[in-house]
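What follows is a short report on a single structure.
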Amino acid sequence: MSYTQLRSFHAVAGTGGFTAASKVLHVGQPTITGQVRALEEFYGVELFHRRGRRVELTET
Numbered sequence: 330m331s332y333t334q335l336r337s338f339h340a341v342a343g344t345g346g347f348t349a350a351s352k353v354l355h356v357g358q359p360t361i362t363g364q365v366r367a368l369e370e371f372y373g374v375e376l377f378h379r380r381g382r383r384v385e386l387t388e389t
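In structure tokens:
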């Protein structure tokens, strides 16, 4: 787990979407997606419910 992954997670949670988070952090959307996916793999849990372009935090 890295600071960049946590920062990406926080941005997605705060904005409600990967695209919005990428704009806030000034990086590409695939970068945000990869960082969050790496966190999910590290912990072995799904962190967000993906609903189209919107996401919601899971109970985890």
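Going letter by letter, the sequence shown gives residues 330 to 389 in the working numbering. By construction, the Cβ of each residue, glycine as well, lies at the ideal position given by its N, Cα and C atoms.
Beta-carbon gap between residue i and residue j smaller than 8 Å
{"i": "F377", "j": "V341", "result": "yes"}
{"i": "F338", "j": "V365", "result": "yes"}
{"i": "G345", "j": "V384", "result": "yes"}
Contacting residues, own chain, Cβ-Cβ under 6 Å from residue i (five flanking each side not counted)
{"i": "Q358", "result": "F347, T348, S351"}
{"i": "I361", "result": "S337, F347, A350, S351"}
{"i": "F371", "result": "M330"}
Cβ shell of residue i (< 7 Å), same chain only, five flanking positions each side left out
{"i": "A367", "result": "Q334"}
Those residues which DSSP pairs with residue i across a bridge
{"i": "V374", "result": "According to DSSP, which records beta bridges pairwise, V374 is partnered with nothing at all."}
Residue i - containing beta strand (DSSP E), residue span
{"i": "R383", "result": "383–386"}
Nonlocal neighbours in the same chain, by C-beta distance under 8 Å from residue i, ignoring five residues either side
{"i": "E369", "result": "E375, L376"}
First through last residue of the alpha helix (DSSP H) which encompasses residue i
{"i": "T389", "result": "It is not in any alpha helix (DSSP H) - T389 carries neither H nor E in the DSSP assignment."}
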